[in-house]
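Throughout, this note's numbering is defined as the position within the sequence shown, counted from one, plus 37. Every residue, glycine too, gets a C-beta built ideally from N, C-alpha and C. Predicted model only: the values in this text are computed from it and were never measured. First up is the structure itself, then whatever we jot down about it.
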Amino acid sequence: MIRTCCCSSAAVIWLASLYWIYKDAKRRIEDPWLVWMAVLVGVVVPYFGPFIYMLFRRRKYLEDVARARARDQGDGGQTV
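Right, here's the structure in full:
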C-alpha cells in the first residue's frame, strides 16, 4: 500500500514537471521542435530534467521580447 502510494506520487510529480517544462518552453521558445526537445530532456532525465531545462532556457518570455522590440521600433531608433 505504501509502496503503491509512493510510486503514484512520484509518477504524478514527474508528469507535473513535464507539463511545467512544456508550458514554460512554449512561452519562451518559438520553434515547436525545440519545445518538444526540452520536454524530451524531462522525459529522459526524470526529476533532474527540469533543472537541466532551467539552466539552458531563455531568460525572457517571447511576449516580453516582442514588447521590447515594439517599444524600440516605436521611438524611431533615436537615442537620447
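* **Unbroken alpha helix (DSSP H) run spanning residue 74, endpoints** => First-last of the alpha helix (DSSP H) with residue 74: 69-81.
* **C-alpha gap between residue 159 and residue 100, whole angstroms** => In the structure as shown, the chain begins at 38 and stops at 117. Residue 159 is therefore absent and cannot be evaluated.
* To do: Indicate the three-state DSSP secondary structure (helix, strand or coil) for residue 91 in the structure shown.
  => DSSP, read as helix, strand or coil, puts residue 91 in helix.
* Are residue 54 and residue 87 close, meaning C-beta to C-beta below 8 Å? -> Taking C-beta atoms as the reference points, residue 54 and residue 87 count as a pair closer than 8 Å.
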